[in-house]
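Written below as C-alpha cells is the structure these notes are about.
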Amino acid sequence: MAGPAFIDTLVDIVGPTHVLTSEDLTSSYVRDWTGRFVGSTYAVVRPGNVDEVARVMAACETAGIPVVPQGGNTGLVGGGVPRSGEIVLSLTRLDTIGRVDVHARAVTVGAGATIAAVQHHAAQAGLDYAVDLASRGSATVGGTIATNAGGLRVMRFGATRSQVLGVEAVLSDGRVIRHLDGLVKDNTGYDLGGLLCGSEGTLAVVTAARLRLVPQRPEVAVALVGFASVGSAIAAAGEWSGAVDGVEAIEFMTASGIELVGRHLNLPPPFPVTPPALLLVEAAGRVDPTAALAEVVAGTQGVGEVAVAGGPADRGRLWRYREAHTEAINLEGGQTTPPHKLDVTLPQGSLAQFVEEVPAVVASVAPAAHTWLFGHAGDGNVHVNVTGVVGDGDEVDDAVLTLVASHGGSISAEHGIGTAKVRWLHLNRSATELEVFRSLRDAFDPSGILNPSVLVPR
Ligand code: 2HG
Ligand code: ZN
1276 MAGPAFIDTL VDIVGPTHVL TSEDLTSSYV RDWTGRFVGS TYAVVRPGNV
1326 DEVARVMAAC ETAGIPVVPQ GGNTGLVGGG VPRSGEIVLS LTRLDTIGRV
1376 DVHARAVTVG AGATIAAVQH HAAQAGLDYA VDLASRGSAT VGGTIATNAG
1426 GLRVMRFGAT RSQVLGVEAV LSDGRVIRHL DGLVKDNTGY DLGGLLCGSE
1476 GTLAVVTAAR LRLVPQRPEV AVALVGFASV GSAIAAAGEW SGAVDGVEAI
1526 EFMTASGIEL VGRHLNLPPP FPVTPPALLL VEAAGRVDPT AALAEVVAGT
1576 QGVGEVAVAG GPADRGRLWR YREAHTEAIN LEGGQTTPPH KLDVTLPQGS
1626 LAQFVEEVPA VVASVAPAAH TWLFGHAGDG NVHVNVTGVV GDGDEVDDAV
1676 LTLVASHGGS ISAEHGIGTA KVRWLHLNRS ATELEVFRSL RDAFDPSGIL
1726 NPSVLVPR
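Okay, here's the thing in C-alpha cells:
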C-alpha cells in the first residue's frame, strides 16, 4: 500500500497541487454520480500530460500500487471509482483539443476533453462529433472510450468505437503506445484503439485519441409521439428506423417516467393526458426532414397525441423529458437507496415482451421496489432503473439480467460491466471468451495494477 514516500514520488512528478489526499478533496473522486458505488483512496493524482501519466504509471508499477483511471466520473457501473482503495488517476487535465482537419474530418483530442467541448470545437469547423449523451458536459473522451459509450445517436453513427481512428495510451509500466495518424485505410495489424474501446481501464490508460467527425446536419426535426400501449410504441420504433431518412434517435418513455420527471424537475406534462408509452424521435439532414417525419408518424398504427418541435428551444423542451430521467430517478431514490441501473439490449423482436414482463419480475423479488423503463428504442436498448431496493439488491439484478439472457439480449448495452455486473458476465460471455479476456489483461498489464476490480477481476 502507498506510504508517505510514495506520495512524495507522485508529488515530484505532478506537483503538490495535483496530488490530493485529504478526504474533503478526494470525496468527489471516490463516489460515483448515483451515490451507489463508494470507495476510498490514498490519493488522487492529476497529471497534466502524457509524460506525467507515464511516470505515474511506472512509479505505481514499481511500487505494486493499483490504479483506477478516471475521466469525468459519469460512469454508472462502479468502474471508475476506487472500490478497493486504489489510487485514482484523474485524466481531466489532459483536455487539449487539436486543430480540426476539415478534409479528413478528424481531430486529435486529449482524454480529458469533455464531449461537449469536442462538439463545440468541431462545430466551429462546420463539423460535429457523433457521440452525444446527456452527461456531455462532464463525460470525457477518455472515459467514453474506456466504456465504448453509446448515447443518443448510435442508430445513425454507431457507438464510440466507430468514431475512434487511433489512440495514444500508457501501459501499466509507463510505456506509451501512440497511433494517431488516423488514416482511413490502415491495415497494419491489431486495432489497439478498437480494443481499448470498452476495456474499462483494464488494459492501458487512454491519454489521447484521433476522432472521426461527421458533417453537421443543419435541418432538424423532433417529435414527441404518444402511444396507447408499449407494444405499439416498440413496433413503431422498429418501423421508423428504416422509414425515416436521417433518423438519429428514437427514444422510449412511459407515462410513469414522464410523471416522475415532472414531479422532481417541475416540468409541465407534455400532453393534457399523458399516454401510456411515448417515443421521442429526431431526424436531421441538409434538407428539412419535418414533413417526411410527420408523414411517417401520421401513417403509423397506434399513434395518439403528437407534439412536433417548433424550433431549437422547443426541441430542447421535448428532449428534456427524456434527458431528465436519470436525474429524476436519482432524486426519487434519494441518498439512502440509489437506483439499480440495468442497461440492457434486447433483440427487436423481444423488446416489447421484455418491457411488459420486467416490472413483475422485479416485483417478484423486491415487492416494495419500483421499476422505471426508458431508453434507446431504436437500438433495442432499455434502461431498467429500479428504486426502493433495500440491501445490496443482487436479487433484483439477478432477476432482470437472467430475464434478458433468456431473451437472447445483452446484460450491458452501453454502460459496461464495471464492478456492478461482474457476477453476470458469464450470461453473455463463454468460459473461453473470459479466459481470453484474462490473457489480454495479463499481456497488457502483467503486474495486475490497472483497475483490478472490474470486468474480469484480478
Ligand atoms: C441515458 O440514456 C444514459 O440517459 C443513462 O445512458 C441511463 O440513467 C440511466 O440508466
Ligand atoms: Zn443510455
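With the sequence shown counted from 1, adding 1275 to any position gets you the working numbering.
Yeah, the Cβ is synthetic: ideal placement off N, Cα and C, and Gly gets one too.
Those residues which DSSP pairs with residue i across a bridge
i: W1647; result: N1660
i: M1528; result: L1553
i: H1378; result: Beta-bridge pairing links H1378 to no other residue.
i: D1223; result: Because the chain is modelled from 1276 through 1733, residue 1223 falls outside the range shown and cannot be assessed.
i: I1362; result: V1342
i: L1725; result: V1342
i: L1499; result: L1555, A1582
i: A1444; result: I1452, V1481
i: R1306; result: V1313
i: T1320; result: Here residue 1320 is Val; the residue named in the question, Thr, does not match the sequence. Looking at the DSSP assignment, V1320 forms a beta bridge with V1294, L1364.
i: D1618; result: H1658
i: S1685; result: T1620
i: E1494; result: G1560
i: I1372; result: V1384
heavy atom of ligand 1 below 7 Å from residue i C-beta
i: H1239; result: The shown model of the chain, from 1276 to 1733, leaves out residue 1239, and the question about it has no answer.
i: L1408; result: yes
i: T1646; result: no
i: K1696; result: no
i: D1717; result: no
i: T1601; result: yes
i: D1248; result: Any property of residue 1248 remains undetermined from this structure, which presents the chain solely from 1276 to 1733.
i: A1307; result: Checking the sequence, you will find Asp at residue 1307 rather than Ala. False, no ligand heavy atom lies under 7 Å from that Cβ.
i: D1618; result: yes
i: L1351; result: yes
Near ligand 2: residue i beta-carbon under 7 Å from a heavy atom
i: H1651; result: yes
i: G1425; result: yes
i: E1689; result: yes
Inter-residue CB distance, residue i and residue j (contact presumed, cutoff 8 Å)
i: F1712; j: M1528; result: Wrong, their Cβ atoms sit about 35 Å apart, outside the cutoff.
i: G1478; j: F1719; result: Here residue 1478 is Leu; the residue named in the question, Gly, does not match the sequence. About 4 Å separates the two Cβ atoms, so the contact holds.
i: G1476; j: A1421; result: 5 Å
i: V1671; j: V1637; result: 6 Å
i: G1577; j: S1516; result: Not really, about 16 Å apart at Cβ, beyond 8 Å.
i: V1423; j: A1434; result: It should be pointed out that residue 1423 corresponds to Asn in this sequence rather than to Val. Sure, about 5 Å apart at Cβ, within 8 Å.
i: V1384; j: V1393; result: 6 Å
i: G1323; j: V1289; result: 7 Å
i: H1645; j: T1662; result: 5 Å
i: M1430; j: V1522; result: 7 Å
Handout entry: Inter-stretch contact (C-beta, 8 Å, three-pair minimum) for the segment 1546-1565 and the segment 1499-1515
Key = yes
Problem - Cβ pair count under 8 Å reaching 3, the segment 1676-1684 against the segment 1600-1614 - result: no
Handout entry: Cβ pair count under 8 Å reaching 3, the segment 1308-1316 against the segment 1352-1371
Key = yes
Exercise for the section: State whether the segment 1649-1666 contacts the segment 1596-1604, with contact taken as three or more CB pairs (one from each stretch) at a distance under 8 Å. Expected result: yes
Handout entry: At least 3 beta-carbon pairs within less than 8 Å: the segment 1330-1350 vs the segment 1624-1636
Key = no
Practice task
Mind the definition here: the segment 1530-1545 touches the segment 1459-1473 only if three or more C-beta pairs lie below 8 Å; say whether that holds.
Solution key: no
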